[in-house]
Ligand code: FRU
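In our numbering, the protein residues as written are 1 to 719.
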């Protein structure tokens, strides 16, 4: 019954293609879709019991494979080794095509063996930290061996970073696959400030290397758009004006227009929309282009606040860590002035801090000018700590003696340095994953260059949060009284410990205390050298801005304090007073009584950007509710609990009163309650159409002692 159908199908095919184009069907050699490797012979541990369903524990997301499963030798991590060998098969097509990913090494390969000889070999693309777990297609012309028997071997003999290989979908075919251009390049004479690179969010990452006069300078993993880009990433090449620049791409589809499209100009593309884009936070710092995460190097130097930040200039998501740089006179109006620390041979530039070395202990000072010193993690293999310095707050030089601190363990990063007045030396707190724990290692130095370990503070076991990453360490006076100063050790998730700092040791009174009560606030850092000795903190605010050429932002700058509570001293957060500069119009609505069914006191106000300050005596009200542009803020006076966009937080009444300060931007809301004991940052994507505000009381009656609504303006526009 089947034969006639096949014959018919054959003739239909002939009619369609004509004789000359008739090609034999592809032969699938292996697609790795079962539980086991079947007839393939396995040695060692690296390949696990069978094909993996995508990524394995601890691995970045794996993409580009076909079907549900693939060969993934990350089983038990990078250090495991092993091999997979196919049964013999007949080479009966001209091309052998496969998907390959993972590390780049002669110890990580897919090999073709014929008559006991290895005749072809291929490896992955990654030989640096970062990179991509995307499999991509490669092929060999095997026409010379048609009719012979071959064996495929997948080898993982590599340990350490990128010590794994991923393989899938091995096919024999007579159709020549589309070629990739290897090391495609384009050369420019640098005449303008920027080269504009076309970016496709989520596209395959390509290794893009910039060569200046033939010398390799910096490499990045970039989702280059082969066709129409989502946005353009400016690559600042002003440092090399007049020189010859070559952009080299590890591989590019032969029909890609990425290199051809690159243009030069002195301004970033679409500059007319800059800071006016529909989803741009208007008084929260965000980068002009690309991704930001942690604030870094927060410092006041020569009359300016400096905010450095983890920046991916060439992607909408995390990667290619540079230190971006912005300056401000008031912490409110920021000017982004370009990246200062670029990835180098020691790795990408991870988080760190900055200090003003006013005694010039480092010797980096010049003509009596104290140097600004950045202390950062170079997250290569090994992962080490380095420093860079500047005497003008604009140009930075990496210290020639880097690293200043070698790797403690692979999981060591995010140095925060402070000057300890008592011992007249520098103190570094460094996150170290050590002996199965999150720890903070304290180091001392006389000069920022030579560091010795002083002590270790333990946090949680990896997997939970306390003292994981980005530590900060600072003194705060309890109730503003300098003679009652306590020290705070803060982790990235904002949980903290309180204690004393004596002769270089942190003696803990209370630990695992809760910090913020919201969401999407992480890796905050306090500013060093603030002239009026306020402790000002700024956090990475995880505000996602899809469809925009930038992503993520920073929180408001927050003034920290310690107040005495029944449980001991606890940290408080307040928006800094400089934010008052953003006020353009004030509505004073208190004092009034409000009961259920009363008309909405905020009815007549419409504003996109808001600051609201209110003091309320809840009386017998069961609930006090605000709806600000769809953001629900509810207070339950019985439970003394606040809910912000569904996020609940304990917010005790203070002297029987609820005091709330609310800042609302396009990207979210930050609510301060209980005299700063309760800080609830909540990213939220406002509906641009809805600027309505609402306040009501549910059951009972509350007394609104004061209610001030300030309409705010954008901080990006004229100061
Ligand atoms: C925290 C963090 C840091 C690291 C940085 C890298 O968000 O993981 O520990 O230095 O991000 O971007």
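All C-beta atoms, glycine included, are put in the ideal place defined by N, C-alpha and C. Everything numeric in this text was worked out from a predicted model, so none of it was measured.
Residue list, Cβ distance to the ligand FRU heavy atoms smaller than 7 Å: Output, sorted by chain position: 293, 294, 310, 318, 321, 350, 351, 377, 379, 413, 414, 431, 469, 470, 492, 522, 523, 540.
Determine the contact status of residue 720 and residue 355, defining contact as a CB-CB distance below 9 Å. One cannot answer for residue 720 here, as it falls past the ends of the chain, which runs 1 to 719.
Between residue 668 and residue 543, which are expected to be in contact by the criterion C-beta below 8 Å, what is the C-beta distance as a whole number of angstroms? Here residue 668 corresponds to residue number 668 of the chain shown, with the count starting at 1. Here residue 543 corresponds to residue number 543 of the chain shown, with the count starting at 1. With 8 Å as the limit, residue 668 and residue 543 qualify as a contact, their Cβ atoms being about 6 Å apart.
Extent of the continuous alpha helix (DSSP H) to which residue 258 belongs: Along the chain shown, read from residue 1 onward, the residue named residue 258 stands at position 258. Per DSSP, residue 258 belongs to the alpha helix (DSSP H) from 258 to 261.
Three-pair Cβ contact test at 8 Å for the stretch 39 to 49 versus the stretch 112 to 128: Too few Cβ pairs lie closer than 8 Å, so no.
At which residue ranges does the stretch 633 to 690 contain complete beta strand (DSSP E) runs of 3 or more residues, listed in the order of the chain? Qualifying beta strand (DSSP E) stretches, in chain order: 641 to 644, 647 to 650, 658 to 665, 668 to 673, 678 to 683.
Return helix, strand or coil for residue 228, following the three-state DSSP convention. Counting from 1 along the chain shown, the entry for residue 228 is found at position 228. Coil.
Given this structure, state the Cα-to-Cα distance separating residue 585 from residue 663, to the nearest angstrom. Counting from one through the chain shown, the residue named residue 585 turns up at place 585. Counting from one through the chain shown, the residue named residue 663 turns up at place 663. Between the C-alpha atoms of residue 585 and residue 663 there is a straight-line separation of about 15 Å.
Candidates 596, 25, 154, 55, of which the one nearest residue 68 by Cα: Stepping through the chain shown from its first residue, residue 68 is reached at position 68. Nearest to residue 68 by alpha-carbon distance, out of 596, 25, 154, 55, is 55.
Starting from residue 587 and walking both ways along the beta strand (DSSP E), at which residues does that stretch end? If you number the chain shown from 1, residue 587 lands on position 587. Its beta strand (DSSP E) spans residues 583 to 588.
Relative to the alpha-carbon of residue 574, which residue among 498, 148, 680 has its alpha-carbon at the smallest distance? As a first step, residue 574 is located in the chain shown; it is residue number 574 there, counting from the start. Taking each of 498, 148, 680 in turn and checking the Cα distance to residue 574, the smallest one comes out for 680.
Tell me where the beta strand (DSSP E) around residue 344 begins and ends. Working through the chain shown from its first residue, we reach residue 344 at position 344. Neither: residue 344 is in no beta strand (DSSP E) and is coded neither H nor E.
Within its chain, find whatever has a CB closer than 7 Å to the CB of residue 511; leave out the 5 residues flanking it on each side and keep chain order. Within the chain shown, numbered from 1, the residue matching residue 511 stands at position 511. 497, listed in sequence order.
Between the stretch 282 to 294 and the stretch 504 to 521, are three or more C-beta pairs nearer than 8 Å? Per the Cβ contact rule, the stretch 282 to 294 is not in contact with the stretch 504 to 521 (fewer than 3 Cβ pairs under 8 Å).
Go through the stretch 520 to 575 residue by residue and report every complete run of the beta strand (DSSP E) that reaches 3 residues or more, in order. Residue ranges of uninterrupted beta strand (DSSP E) with 3 or more members, entirely inside the stretch 520 to 575 and ordered along the chain, are 521 to 526, 536 to 541, 558 to 565, 568 to 575.
CA-to-CA distance, residue 532 to residue 633, given in whole angstroms: The residue given as residue 633 occupies position 633 in the chain shown. The residue given as residue 532 occupies position 532 in the chain shown. Going from the Cα of residue 633 to the Cα of residue 532 covers about 34 Å.
So, with DSSP's three-state summary, where would you put residue 375? Counting from 1 along the chain shown, the entry for residue 375 is found at position 375. Strand, per DSSP.
Is residue 113 helix, strand or coil by DSSP? Within the chain shown, residue 113 is the residue found at index 113, counting from 1. Three-state result, residue 113: strand.
May I ask you to verify whether the stretch 145 to 160 touches the stretch 59 to 66, counting CB pairs closer than 8 Å and requiring at least 3? A contact is defined here as three or more CB-CB pairs under 8 Å, and the stretch 145 to 160 fails this definition with respect to the stretch 59 to 66.
On a CA-only basis, which of 697, 612, 77, 700 is nearest residue 661? Give me that one, please. Locating residue 661 in the chain shown gives position 661, where the first residue counts as 1. Relative to the Cα of residue 661, the nearest Cα in the group 697, 612, 77, 700 belongs to 612.
Thinking just about the alpha-carbon of each residue, which of 625, 256, 630 is nearest to the one in residue 697? What you label residue 697 is simply residue 697 of the chain shown in a count that begins at 1. Closest option to residue 697, Cα to Cα, is 625.
Could you check where the beta strand (DSSP E) with residue 238 kicks off and where it finishes? Within the chain shown, numbered from 1, the residue matching residue 238 stands at position 238. No residue range can be given for residue 238, since it is assigned to no beta strand (DSSP E) and is classified by DSSP as neither H nor E.
Do residue 125 and residue 250 have their beta-carbon atoms positioned less than 9 Å apart in this structure? Sequence index remark: in the chain shown, residue 250 carries index 250 (1-based). Sequence index remark: in the chain shown, residue 125 carries index 125 (1-based). The beta carbons of residue 250 and residue 125 sit closer together than 9 Å.
Could you name the residues of the same chain whose beta carbon sits closer than 6 Å to that of residue 529, not counting the 5 residues immediately before and after it, in chain order? On the chain shown, residue 529 is found 529 positions in, with the first residue counted as 1. Taking residue 529 as the centre and dropping the five residues before and after it, the same chain places the C-beta of 299, 300, 356 closer than 6 Å to its C-beta, in chain order.
Going by the CB atoms, is the gap between residue 466 and residue 438 shorter than 9 Å? On the chain shown, residue 438 is found 438 positions in, with the first residue counted as 1. On the chain shown, residue 466 is found 466 positions in, with the first residue counted as 1. In this structure, the beta-carbon distance from residue 438 to residue 466 falls below 9 Å.
Inspect the beta-carbon positions of residue 560 and residue 569 and report whether they are closer than 9 Å. Within the chain shown, the letter at position 560 stands for residue 560. Within the chain shown, the letter at position 569 stands for residue 569. Contact annotation: residue 560 and residue 569 have beta-carbon atoms that are not nearer than 9 Å.
What are the start and end residues of each continuous beta strand (DSSP E) run of 3 or more residues lying completely inside the stretch 601 to 638, in chain order? Runs of the beta strand (DSSP E) inside the stretch 601 to 638: 610 to 617, 623 to 628, 631 to 636.
Taking the CB atoms as reference points, tell me whether residue 155 and residue 165 lie closer together than 9 Å. The sequence position of residue 155 within the chain shown is 155, counting from 1. The sequence position of residue 165 within the chain shown is 165, counting from 1. Their beta carbons are under 9 Å apart, which means residue 155 touches residue 165 by this criterion.
Contact defined as beta carbons within less than 8 Å: I believe residue 79 pairs with residue 159. What is the distance between those atoms, to the nearest angstrom? As a working mapping, residue 79 is identified with position 79 in the chain shown. As a working mapping, residue 159 is identified with position 159 in the chain shown. Taking C-beta atoms under 8 Å as the contact rule, residue 79 and residue 159 qualify, at a distance of about 5 Å.
Does the beta-carbon distance from residue 431 to residue 411 come in below 9 Å? Reading the chain shown from its first residue, position 431 is the one you call residue 431. Reading the chain shown from its first residue, position 411 is the one you call residue 411. In contact: residue 431 and residue 411 (Cβ atoms closer than 9 Å).
Using three-state DSSP, classify residue 159 as helix, strand or coil. For the purposes of this step, residue 159 is taken as residue 159 along the chain shown, with counting starting at 1. In this structure, residue 159 counts as coil in the three-state DSSP scheme.
Where residue 182 and residue 241 are concerned, what is the direct C-alpha to C-alpha distance, given to the nearest angstrom? On the chain shown, position 182 is the one that residue 182 refers to. On the chain shown, position 241 is the one that residue 241 refers to. The C-alpha of residue 182 lies about 28 Å from the C-alpha of residue 241.
Identify the continuous beta strand (DSSP E) that holds residue 294 and give its terminal residues. Mapped onto the chain shown, residue 294 falls at position 294. From DSSP, the beta strand (DSSP E) with residue 294 extends over 290 to 301.
Selected residue, minimal CA-CA separation from residue 99, among 201, 167, 140: Numbered from 1 along the chain shown, position 99 holds the residue referred to as residue 99. Of the listed residues, the one whose Cα sits closest to residue 99 is 167.
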